[in-house]
Amino acid sequence: MMVPVRCFTCGSVVGEHWEEFDERANEGDEDPKEVLDDLGVDRYCCRRMLVSHTDLVDVVSPYQ
Numbered sequence: 001m002m003v004p005v006r007c008f009t010c011g012s013v014v015g016e017h018w019e020e021f022d023e024r025a026n027e028g029d030e031d032p033k034e035v036l037d038d039l040g041v042d043r044y045c046c047r048r049m050l051v052s053h054t055d056l057v058d059v060v061s062p063y064q
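Going by full-length UniProt numbering, the sequence shown opens with residue 1, and the numbers climb by one from there.
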């Protein structure tokens, strides 16, 4: 799995929020907006970074 470590736009560290965001928003029934509000991610660029991230490691490298 590749975790987005920093926001491409502002350089803020977003990697510390990735696991909880992924569990709560992508695998759960919570709205991503509410999860990001709870995590304290306020900047639009950082929110976009977390919401739009897609894990491609399993697709690109199927042999482990």
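Quick reminder that beta carbons are idealized off the backbone N, C-alpha and C, glycines included.
From the options, residue whose alpha carbon lies closest to that of residue i
i	options	result
serine 52	Gly11, Ser12, Glu16 and Phe21	Phe21
phenylalanine 8	Arg48, Glu23 and Asn26	Arg48
aspartate 38	Val3, Ser12 and His17	His17
threonine 54	Tyr63, Glu19, Ser12 and Gly11	Glu19
glycine 11	Pro62, Arg43, Ser61 and Lys33	Arg43
Residue i, buried or exposed, once every other Cβ within 10 Å from all chains shown has been counted against 16
i	result
cysteine 46	buried
leucine 56	exposed
valine 59	exposed
valine 41	buried
C-beta contact flag for residue i and residue j at 8 Å
i	j	result
residue 98	arginine 6	Residue 98 falls outside the range modelled here, since the chain spans only 1 to 64, and no answer is possible.
proline 4	leucine 36	no
Test: residue i CB closer than 8 Å to a CB of chain C
i	result
glycine 40	The structure shown contains no chain C; it is built from a single protein chain.
Residue(s) in a DSSP beta bridge with residue i
i	result
residue 91	Missing from the structure shown is residue 91; the chain here goes from 1 to 64 and no further.
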